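These notes are about the structure you will find just below.
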Amino acid sequence: MSLRFVGHTGPICSITVTPDRVHTASNDKTLRVWCKKSGECLRILETFEHIPTDIADERFLYVIDWADVHVFDALTLDKVARLHPPSASMDECRCRGRAMSHRNRFHIH
Numbered sequence: 012m013s014l015r016f017v018g019h020t021g022p023i024c025s026i027t028v029t030p031d032r033v034h035t036a037s038n039d040k041t042l043r044v045w046c047k048k049s050g051e052c053l054r055i056l057e058t059f060e061h062i063p064t065d066i067a068d069e070r071f072l073y074v075i076d077w078a079d080v081h082v083f084d085a086l087t088l089d090k091v092a093r094l095h096p097p098s099a100s101m102d103e104c105r106c107r108g109r110a111m112s113h114r115n116r117f118h119i120h
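Residue 12 is where the sequence shown starts when you use the working numbering, and the numbers rise one by one after that.
Structure representation (structure tokens):
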């Protein structure tokens, strides 16, 4: 079975897959949350000034928007926090100690 996730108006730059959802971040400055089984778009998050990058786990969706980190509840998709470190570099993004992206390259571990 093959599904198509249609809706972004720019190239997809980040994909995160959880047991029941797919999260895609795009150059169109949106993040979309999809049902993994049906391919239906469940939510569009459009509050970003820059191209978002996302990392998800079972409880939270972490959306990195330049130096800000927006934290959403993974089930309700309500924003629960916005973190803005005093000095941040997006040259490298780490999740649980593993480099996820480095110098515009995306790694899956």
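Just so it is clear, CB atoms sit at the ideal spot from N, CA and C, and this is done for glycine as well.
Small disclaimer: the values here were computed from a predicted structure and weren't measured.
| Check | Outcome |
| --- | --- |
| Identify whether Trp45 lies in helix, strand or coil by the three-state DSSP scheme. | strand |
| Just verifying my parser: in three-state terms, what is the DSSP assignment at Val17? | coil |
| Between which two residues does the beta strand (DSSP E) harbouring Ile62 extend? | Per DSSP, Ile62 belongs to no beta strand (DSSP E) and is neither H nor E. |
| For His95, does the three-state DSSP call read helix, strand or coil? | coil |
| Does Leu88 come out as helix, strand or coil in the three-state DSSP assignment? | coil |
| Ignore the nearest five residues each way along the sequence and tell me which others in Val33's own chain have a CB closer than 6 Å to its CB. | Trp45, Lys47 |
| Reducing DSSP to helix, strand and coil, say where Thr27 ends up. | strand |
| Within the continuous beta strand (DSSP E) that includes Asp39, where are the two ends? | No beta strand (DSSP E) holds Asp39; DSSP gives it neither H nor E. |
| Using C-beta distances below 7 Å, list every residue in its chain close to Asn38, excluding the 5 sequence neighbours before and after it, in chain order. | Gly21, Pro22, Cys24, Ile62 |
| According to DSSP, simplified to helix, strand and coil, what is Ala67? | strand |
| Does the beta-carbon of Thr209 have 16 or more other beta-carbons within 10 angstroms, so that it is buried, or is it exposed? | Residue coverage of the chain in this structure runs from 12 to 120, which leaves residue 209 outside it and unanswerable. |
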